[in-house]
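What follows is a set of notes on a single structure, which appears directly below.
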Amino acid sequence: MYRSHVLVCGGTGCTSSGSERIVEALERELQENKLTEEIKVIKTGCFGLCALGPIMIIYPEGAFYSMVKPEDIPEIVSEHLLKGRIVTRLLYQETVQEDTIKSLNHTQFYAKQKRVALKNCGVIDPENINEYIGLDGYMALGKALTEMTPDQVIQTIKDSGLRGRGGGGFPTGVKWSFAAAQPAGQKYVCCNADEGDPGAFMDRSVLEGDPHVVLEAMAIAGYAIGANQGFIYVRAEYPIAVKRLEIAIGQARENGLLGKNILGTGFDFDIELRLGAGAFVCGEETALMTSIEGHRGEPRPRPPFPAVKGLFDRPTVLNNVETCANIPQIILKGADWFASMGTEKSKGTKVFALGGKIHNTGLVEVPMGTTLREIVEEIGGGIPNGKKFKAAQTGGPSGGCIPASLIDIPVDYDNLISIGSMMGSGGLIVMDEDTCMVDIAKFFLEFTVDESCGKCTPCRIGTKRLLEMLDKITKGKGTMEDLDKMEELCYHIKANSLCGLGQSAPNPVLSTLKYFRDEYVAHIVDKKCPAGVCKALLSYVIDREKCKGCTLCARACPADAISGTVKQPHVIDPAKCLKCGACMEKCKFGAIYKK
Amino acid sequence: MEMVNIEINGMPLSVPAGSTILEAARMHGIEIPTLCFLKEINEIGACRICVVEVVGMRNLVAACVYPVAEGMEILTNSKRVFASRKTNLELILSTHNRSCLSCVRSGNCELQKLCKDFRIYDETLYDGEKPASDYDDSAVHMVRDNSKCVLCRRCAAACAKWQDVAIIGPNGRGFNTHIGTAFNQNLSDVACVSCGQCIVVCPTGALAEKDNTKDVWRALGDPTKHVIVQTAPSIRVTLGEAFGMHIGTNVEGKMVAALRRLGFDGVYDTDFAADMTIVEEANELVERIKNGGKLPMITSCSPGWVKYCEHYYPEFTENLSTCKSPQQMFGALAKTWYAEKTGIDPKDIFVVGIMPCTAKKFETKREDESASGYPDVDVALTTRELARMIERAGMYLPKLPDEEFDAPLGTSTGAGVIFGATGGVMEAALRTAKEWITGENGEAVAFGEVRGTQGIKEATYKIGDLELNVCVASGLKNAKKVLESVKSGEKSYHFIEIMGCPGGCVNGGGQPVQPTAVRNFIDLKARRAAALYENDESKAIRKSHENPVVKEVYETYLGSYGSHKAHEILHTSYKKRNRF
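Those sequence lines, one after another, are chains E and Y.
Going from the first sequence to my numbering is simple: count from 1 and add 1.
Counting from 1, position 342 in the second sequence corresponds to residue 333 in my numbering; the numbering is continuous, with no gaps.
What follows is the structure, given as structure tokens:
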């Protein structure tokens, strides 16, 4: 028995902010103080509050330490763990309440969250199957194999209303029933762990924090459709996830939870990993399967759908990681429990990777139907530096921008689509008033142009031409005719592309055109970038009244574009100016401004 | 057959379940244009030219791959469909090298036809950055010009799925996607077999044979040269296509007339050399069987196959017949026996081969192919290049009179002419071998088991005391299957005929290009082959060893079959070539 448990986040965010060194320091310090028998250190998955990493929680007190540095460890050990005195200065400020510690669940960040898919993330040691089993792990598989028929499993998933969390939102149970209806024979279950949206790390966190839930869900799916082989297609860029999945598969096999005759029921199911090489398009289901088969990762036409003819031309079910993370709990707690959360057509919860201009960047899980305002202002803690909320981008490069006027929209699959965006896998990027929406559209399009596989004409060439038109506009060379041509091309690409990548690639352009058309017009007609982002359209000017002639700016200018004599107002030569902004940073009198 | 009811453009139709929209529409006379679609091997829905509207669906679908379903309502000619196809074309044009006037495919370019059909009035509409492209003329047989590539991938499919060679395919990603070899090496540095199947399926001028017509024009204009031409068996049944004639029309007489009018000093027939090949090769087979030589013996007429063997199955090079191909035998005899007979110095003899094949260009450059000390064949032209020469000379083939080949190298038999179809060499060899072994001098019998366009054919013939197991394969994918079955010991043959191209020379990589609108729906190889077998039937002599000129060559010059002199002039050698 240990008297204290120290949970250190081993997710990607905290690992990159140094949690490995925290664990090392902690173990060293505990050894020196001969506390290793009394205190257990556990490296867990992601807690969600990545902005405050490295994060550590000490139980039983529930003290939540944030931004811990290795040099803080001796103090934590000697004060907290030896003397029982909480190190107040390191506590997450929100949890400090006079002389007590407020439960994390009551903090603004966690209060409106509901952790279902992330249930075990930040709670268990992902490299120890016993911790997963200790929290009902593999109970659902046991229940399915011993108490339910495959049809009952499928019916339960159907009744729960679970929809695919990878972007499309197709009802999971229906998908399973299609594959189950195919004649018996070789079938496959695949898990799509090729999370590729820029800034998204929902699936990564599940894989790193709770890998067994994916294995369990895949085995359940295998039982439901009559498959005995699974593949997890995971990005090679997720080394921690890959390592933990490998460990998890090994442990599950050792424990008879994967392999032959699982739990003595006669059901065989095994899983292999396949590493993706980083192509975004390999997240598209047919491209993913083509890649697993060893070919160039490119989509193929549908129908036939994977449930009929998928991996190696056999019936295949493909589920995303987050979808998998919901399945064991649905089996255990029942369809009604799951369906009680969310909106009419979008049940359960959704994990979002909150990023951009927001206080609490990190991972959040909320019931479907939570409003964008709640996510941004309450959970996310609002916009830093007193700036105004301008828009939120959901769905990554396939999604769209939601303007401030729609901030009260309850977030679910259908609402997002109705306003020209999409759920996507759950990236949520917040933008403030300093963001140029034309530039944002260009940013996302650059991504899709780069990631287009090059197979079909509209995506290969059309997106490139769109990008060129956007580029022209951001340089002040666009015309109003270009705007119409661009819009037409957007609809063309959507309607003509072979796969979802091309069909959704114009969304960032179309949604910004819809909600921020005035910004496009400003770039074209006034040759101005209202947010002051597009370099070609702005110039730096010195206010003669405010300039004291201190020469700091002239000395900072790398291009010798500023001239003037000491104690006289200086001037910037626009022909020489590189628009780097160095002068503006240096000026002590606020005399330099962007125009 | 299970049928479903659909509507196309408001017309209620009953079509077989499981057919694609493209097939269903075509059954009822509704044409849908395609670009990337190549039946059975390239059904990828990539170019989006065949898009149609399905009522109730948000996006357009590719008719070439989308299956029909009960109650489906399809629009193939709606405003939205036309606009979509047009935009897709305009996008392709924005990356295309539009030097159409000087393009080898001007006039029979599939992209050009689509642009005409869709009334593209501004080819520069979407102009912008062009993808980087390379021009590769390193290989002897062909030129790749990526600036004209539309990325339909038909070439890659032909290379991978017909030939199982996969030497070219898509490299790079997105806008930078381009067709190339592994690591973008030169075509001459990779294990390309030179078959040219990629060229005949290319819709544009991105892939073309290396044009050697100027070498021939130069020779024709050189008074010191005695320029003679030989035409491969299959040319007579394909050349007409280049002039809009029906597929499978035999234009032998008109072809001869055209060649004579081009100024050749002798218009001869490779069929004669095919007869030579048969007697020499049949003799080799009998010798190998009698003396315990390496079996199975495999034919060596197809230079694409020979190169494939050297690259991919070097362990089988000893199985290859050492006989030169008919093209090379012709050249070898032209510069020895014929030179002696006519008293012309072999250095002044310029031998041109008109071949269905791009690998024949490579073959002329092989080692051990110069019996007289000079290359046996100076230039090999494809059927397409000959057609271009005829056009350039202002001749309209269909209007030319029928004329006959010159003597002596124009004398041939029905056995020689069927060389152009898969199974033809086998049948011709069997006709001779049977007679030699049994001593019976009967009617030429058809060996039906080895005829037909199937990829692999097998038969066992009882000839005298011998049970002869034979196999015929065409297309390198099939060749691979046969070689693997021999290697594993699963099959045991005495004699195998392998042709590099599916269907044999009639479907060679140097033949006239038929657009996919034809190719996808008509069995080219069967129609062309039928014309060859018809020609065989009409011949007075149908057995190679009965060819009077063949007899003369042996009696007056070579001595016996397989003699030392015959070996020096008519046989060659092979070597292992690297795969990587």
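We treat Cβ as the ideally placed atom computed from N, Cα and C, and that holds for glycine.
{"Query": "Hey, how far is the Cα of D1 (chain E) from the Cα of A173 (chain Y)?", "Result": "A question about residue 1 (chain E) goes unanswered here, because the residues of chain E that appear run from 2 up to 596."}
{"Query": "State whether the segment 72 to 84 of chain E contacts the segment 345 to 358 of chain E, with contact taken as three or more CB pairs (one from each stretch) at a distance under 8 Å.", "Result": "no"}
{"Query": "By a C-beta neighbour count over all protein chains shown, 10 Å radius and 16 as the cutoff for buried, is K356 (chain Y) buried or exposed?", "Result": "exposed"}
{"Query": "Determine the contact status of M577 (chain E) and A562 (chain E), defining contact as a CB-CB distance below 8 Å.", "Result": "According to the sequence displayed, residue 577 (chain E) carries Lys and not Met. A contact, by the Cβ cut-off of 8 Å."}
{"Query": "Apart from the five residues just before and just after E273 (chain E), which ones in its own chain have a Cβ nearer than 7 Å to its Cβ?", "Result": "F232"}
{"Query": "Quick one: what's V342 (chain Y) bridged to in DSSP?", "Result": "Y:I219"}
{"Query": "Skipping 5 residues on each side, what residues in its chain have a beta carbon closer than 7 Å to that of L311 (chain Y)?", "Result": "I289, S291, V297, C300, Y565"}
{"Query": "Just how far apart, CA to CA, sit P392 (chain Y) and G322 (chain Y)?", "Result": "27 Å"}
{"Query": "Rounded to the nearest angstrom, what separates T96 (chain E) and E128 (chain E) at their Cα positions?", "Result": "29 Å"}
{"Query": "In terms of residues, what are the limits of the beta strand (DSSP E) holding E458 (chain Y)?", "Result": "457 to 465"}
{"Query": "From the DSSP output, in three-state form, read off V97 (chain E) for me.", "Result": "strand"}
{"Query": "Please state whether the Cβ-Cβ distance between L26 (chain Y) and L84 (chain Y) is less than 8 Å.", "Result": "no"}
{"Query": "What do you reckon, are the CB atoms on L511 (chain E) and C491 (chain E) nearer than 8 Å?", "Result": "yes"}
{"Query": "What do you reckon, are the CB atoms on L246 (chain E) and L276 (chain E) nearer than 8 Å?", "Result": "no"}
{"Query": "Using the three-state DSSP reduction, which class does P58 (chain Y) fall into: helix, strand or coil?", "Result": "strand"}
{"Query": "Taking the alpha helix (DSSP H) that M424 (chain E) falls in, what are its first and last residues?", "Result": "Premise fails: M424 (chain E) is in no alpha helix (DSSP H) and is neither H nor E."}
{"Query": "Taking H6 (chain E) and K44 (chain E) to be in contact with their CB atoms under 8 Å, please state how far apart those CB atoms are, rounded to whole angstroms.", "Result": "Not confirmed; about 12 Å, so no contact."}
{"Query": "Hey, is the segment 17 to 25 of chain Y in contact with the segment 489 to 497 of chain Y, meaning 3+ C-beta pairs nearer than 8 Å?", "Result": "no"}
{"Query": "Express the C-alpha separation of G231 (chain Y) and I238 (chain Y) in angstroms, rounding to a whole number.", "Result": "8 Å"}
{"Query": "In terms of DSSP beta bridges, what is S97 (chain Y) paired with?", "Result": "BP columns for S97 (chain Y) are empty, so no partner."}
{"Query": "I need the DSSP call for S564 (chain E), collapsed to helix, strand or coil.", "Result": "strand"}
{"Query": "Going by DSSP, what residue range makes up the beta strand (DSSP E) through S5 (chain Y)?", "Result": "2 to 7"}
{"Query": "Secondary structure at F281 (chain E), three-state DSSP: helix, strand or coil?", "Result": "helix"}
{"Query": "Would you report the Cα separation of G295 (chain E) and R89 (chain Y), rounded to the nearest angstrom?", "Result": "36 Å"}
{"Query": "Going by DSSP, what residue range makes up the alpha helix (DSSP H) through C183 (chain Y)?", "Result": "Where C183 (chain Y) is concerned, there is no enclosing alpha helix (DSSP H), given that its DSSP letter is neither H nor E."}
{"Query": "For I345 (chain Y) versus I226 (chain Y), is the C-beta spacing smaller than 8 Å?", "Result": "yes"}
{"Query": "Is there a Cβ of chain Y sitting closer than 8 Å to that of N193 (chain E), yes or no?", "Result": "no"}
{"Query": "Relative to the C-alpha of S316 (chain Y), which candidate in Y:P337, Y:C348, Y:S124, Y:G550 has its C-alpha closest?", "Result": "Y:C348"}
{"Query": "State yes or no: is the beta carbon of E120 (chain Y) nearer than 8 Å to at least one beta carbon in chain E?", "Result": "yes"}
{"Query": "Give the residues of chain Y in contact with K465 (chain E), contact being defined as C-beta atoms less than 8 Å apart.", "Result": "G119, E120, G165, F166"}
{"Query": "Going along the chain, which residues of its own chain have a beta-carbon closer than 8 Å to the beta-carbon of A182 (chain Y), five neighbours each way excluded?", "Result": "V156, I158, H302, Y303, R568, N569, R570, F571"}
{"Query": "Could you tell me which residues DSSP puts in a beta bridge with V497 (chain Y)?", "Result": "Answer is none; V497 (chain Y) lacks a bridge partner."}
{"Query": "Could you give the uninterrupted runs of the alpha helix (DSSP H) lying entirely in the segment 311 to 366 of chain Y, keeping only those of 4 residues or more?", "Result": "317 to 325, 328 to 333, 350 to 355"}
{"Query": "Between V450 (chain E) and chain Y, is there a C-beta pair that is closer than 8 Å?", "Result": "yes"}
{"Query": "Give every residue of the same chain whose Cβ lies closer than 8 Å to the Cβ of T402 (chain Y), excluding the five residues on either side of it in the sequence, and list them in chain order.", "Result": "D260, F263, F396, N538, P539, V540"}
{"Query": "Run down chain Y in chain order and give the residues with a C-beta less than 8 Å from the C-beta of L462 (chain E).", "Result": "Note that residue 462 (chain E) corresponds to Ile in the displayed sequence, not to Leu. By Cβ distance, chain Y contributes L82, I83, S85, T86, Y117, F166."}
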